[in-house]
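At the far end of the sequence shown sits residue 167, using the working numbering, and the numbering has no gaps. Working notes for the structure below.
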Amino acid sequence: MTRHWIGIALAGLISCVFAASFPAMAWIRAQQGHSKQYTSEIQSLAVRREPADPLADALARGGKIYRHYCRICHGEEGKGDGFNSYNIEPPPRNLTDDDFWQQTTDERAYYAVSQGGGSVGKSVMMPAWGHTLTDRQIRDVITFVRALAGQPTALAAPSSAPHGKTP
Ligand code: HEC
């Protein structure tokens, strides 16, 4: 008889635990729902953080590189009249010269910047930046100097020219 009561009590206990687990499960599901919602919010933020305008980004990066490495010779506005230009013969190229950009290509400009003036038959006073700048930095700075010259702005094309520095 006692066994009988123990059996009933146990069954009662088990069903209580079982019933109590429903709200707990509902709560866990709700949390999972929340975290899913947060995950998708974070993902959409990440998407929004993608560069909206690759050209503007390249110009901004290229401008920084130009001011850091090139301005001293090529000048604030690229006219070849930087602080250092007065010590150099022939002087640094006037990068705002239309004719120059009509006659040159991204590929040639890439060689000049990566491998130095000597690599395109110009003055070796134009240093080689291939060990200082990465491939992307070289293309960014070319994009920038072309824009400085008022040339149609587009991202500088990739080049097969060597550059020593891997990103
Ligand atoms: C030490 C001075 C100096 C610095 C710094 C310098 N340049 Fe030059 N650059 C020159 C000189 C000098 C020439 C001209 C060579 C000639 O006409 O023979 C030149 C020429 C060029 C040319 C034209 C090459 C051609 O085909 O005629 C480009 C493009 C150029 N520089 C880009 C840059 C960029 C981009 C930077 C910065 C990463 C830079 N230069 C930094 C001195 C410099």
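All residues carry an ideal CB built from backbone N, CA and C; glycine is no exception.
Could you tell me the distance, in whole angstroms, from the CA atom of D53 to the CA atom of A26?
Stepping through the sequence shown from its first residue, residue 53 is reached at position 53. Stepping through the sequence shown from its first residue, residue 26 is reached at position 26. The straight-line gap from Cα to Cα measures roughly 45 Å.
Take every Cβ of the region 137-148, pair it with every Cβ of the region 56-64, and state whether three or more of those distances are shorter than 8 Å.
yes
Measuring only from the beta carbon, is K64 closer than 6 Å to any heavy atom that is part of the ligand HEC?
As a working note, residue 64 is residue 64 in the sequence shown. No, since every heavy atom of the ligand HEC falls outside the 6 Å radius drawn around the Cβ of K64.
Does DSSP classify V124 as helix, strand or coil?
Here residue 124 refers to the residue found at position 124 when the sequence shown is read from its first residue. It is coil, neither helix nor strand.
Classify A26 as helix, strand or coil using the three-state DSSP reduction.
The residue labelled residue 26 in the question sits at position 26 within the sequence shown. Of the three classes helix, strand and coil, the one that applies to A26 here is helix, per DSSP.
Would V172 pass as a contact of G118 if the rule is Cβ separation under 7 Å?
The displayed coordinates of the chain run from 1 to 167. Any statement about residue 172 would go beyond what the structure contains.
Measuring alpha carbon to alpha carbon, tell me which residue in C70, A30, W5 is nearest L133.
As a first step, residue 133 is located in the sequence shown; it is residue number 133 there, counting from the start. With distances taken between CA atoms, L133 lies nearest to C70 out of C70, A30, W5.
Using C-beta distances below 6 Å, list every residue in its chain close to N94, excluding the 5 sequence neighbours before and after it, in chain order.
If you number the sequence shown from 1, residue 94 lands on position 94. Excluding positions up to five away in sequence, the list reads K79, G80.
By how many angstroms is the C-alpha of P162 removed from the C-alpha of G116?
For the purposes of this step, residue 116 is identified with residue 116 of the sequence shown, where counting begins at 1. For the purposes of this step, residue 162 is identified with residue 162 of the sequence shown, where counting begins at 1. As the crow flies, the alpha-carbon of G116 is around 11 Å from that of P162.
Just verifying my parser: in three-state terms, what is the DSSP assignment at D99?
Position 99 of the sequence shown, counting from 1, holds the residue named residue 99. Judged by DSSP in its simplified three-state form, D99 adopts helix.
Cutting at 8 Å between CB atoms, please list the residues of its own chain near E76, excluding the five before and the five after it.
Taking the sequence shown and counting its residues from 1, one reaches residue 76 at position 76. So the list reads G82, once near-sequence residues are dropped.
Leaving out the 5 sequence neighbours to the left and right, which residues in its chain are closer than 6 Å to A154 when beta-carbon positions are compared?
Counting from one through the sequence shown, the residue named residue 154 turns up at place 154. For A154, where only same-chain residues beyond five positions count, there are no Cβ hits under 6 Å.
So, are the CB atoms of P91 and H74 less than 7 Å apart?
As a working note, residue 91 is residue 91 in the sequence shown. As a working note, residue 74 is residue 74 in the sequence shown. Taking 7 Å as the Cβ cut-off, P91 and H74 do not qualify as a contacting pair.
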